[in-house]
Structure formats: structure tokens, C-alpha cells
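Residue numbers (the numbering used here): 35 to 245.
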């Protein structure tokens, strides 16, 4: 009897540790990718407007200001309606909307259509809710003793994402690939979508196995 229970208990502990390690890895990757995307919008959107949409500096800066405004509106709206939806579906919906708007704006830029000027600020409506939605869900499932470690990881990988985003996008503009600004960010958003699927799948699996 003891021989059969011990291996089962040991395997359960191993599965639990693997599940925690997977959650930590996804959290770090998510923080890095999200801040990478946000930094590219906040820092390089004015340059993209000036160099590739041929608008003056004042309008380019105003576009960034409206991005921040719509980000604020997005979080306010999310705070009021989030309880009506499942977190995973709401999160994935926001990511898909960002991806769709980026692809659409890239098509407009390629065809020299000025409508793309107004699309980028609207992305803030769907970008801003992502970080608080998934980070709060992750931290809620962490043991109290591990919260400090998780918080430190969030800060570290967020800083890395911000730094790497600035450096990478500076090379993009230096090498005259700024026309594909939307396309580069779309790749990062696609990675974010994959990470969200992995996280929510692992969360459902953990819940089903009572880990």
C-alpha cells in the first residue's frame, strides 16, 4: 500500500512543480513581450508618423497623446465590464483586435492611405487592459510566499522588454525598414497571443488536475 501511494504522491509533486515553472516562464515571457510592444508604441510612434506618414511633429506628438488617452479609456472600460466576461476570452479578444488593426494599418500604409493615422491611437483601447488582466490572474494563483519573487520577475522582465524594444526599433528605423513598423509589432503581438493560449491552457489543465 505504501509502495503504491508514495510514487503517486511524488509524481503529483513533480507535476505541481512543472506547472509552477511553466507559469513562471510564461509570466516572464508575457511581461517582456507586452512591455516590448508598449515601448515600441510609446517611443517610436511619433517617428513613424513623421518619417513614413509625412505629418508634422505637432500632429505626431498629438497622436501619441491620444494613444495614452485611449489606453486610459481602455482600462476604465475594462474595470467596469470585466466581470461580465471570462478573463481568457476577453484577453484573447483584445489581442486579436490589436493584431487585426495592425495588419489593416500596414495595408493602408503600403497603399499610402492616410486613414492609418487614426488607427494607431485606437489600439490603446485594447492594448492597455492586457497587462492588468493577465498579471492579476497569474498573481492570484501564486502562493503568498512566492509573491515577492513573482513581483521581482515582473519588474526585471518588464525592464528588459522596454530596453530591448527601444534598441530593436532604433535599428529598424536606422535600416530604413520603418515602413514595416506595424508588421514588426504584429510579430510581437502574435507571440503574445501564443503565450496567452499556453497560459490559459495550462491554467485549465491545472484546475482539472487540482494541482
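Backbone N, C-alpha and C define an ideal beta-carbon position, used for all residues, glycine too.
Within 10 angstroms of its Cβ, does residue i collect 16 or more other Cβ (buried), or is it exposed?
i	result
residue 37	Confidence at residue 37 is low in this model, with a pLDDT of 44, below 50, so its placement is unreliable and no value can be given for it.
residue 78	buried
residue 103	exposed
residue 191	buried
residue 71	buried
Quick test of your reading: residue i and residue j, contact by CB under 8 Å. State the CB separation rounded to the nearest angstrom.
i	j	result
residue 168	residue 198	Their Cβ separation, rounded to whole angstroms, is 20 Å, which puts residue 168 and residue 198 out of contact at 8 Å.
residue 164	residue 105	That belief does not hold up - the Cβ atoms of residue 164 and residue 105 are roughly 10 Å apart, past 8 Å.
residue 140	residue 217	5 Å
residue 107	residue 151	In fact, because the Cβ distance is near 19 Å, the residues do not count as touching under 8 Å.
residue 156	residue 220	Rounded, the Cβ-Cβ distance is 16 Å, inconsistent with contact.
May I have the straight-line CA-CA distance separating residue i from residue j, to the nearest angstrom?
i	j	result
residue 86	residue 171	39 Å
residue 142	residue 181	44 Å
residue 184	residue 234	18 Å
residue 58	residue 69	17 Å
residue 52	residue 62	15 Å
residue 206	residue 212	6 Å
residue 84	residue 148	13 Å
residue 92	residue 99	11 Å
residue 39	residue 175	Its pLDDT being 48, under 50, residue 39 is placed unreliably in this model, and the coordinates cannot settle the point.
residue 203	residue 158	19 Å
Restricting to runs no shorter than 4 residues, where is the alpha helix (DSSP H) found entirely within the segment 116-171? 121-144, 150-156, 158-161
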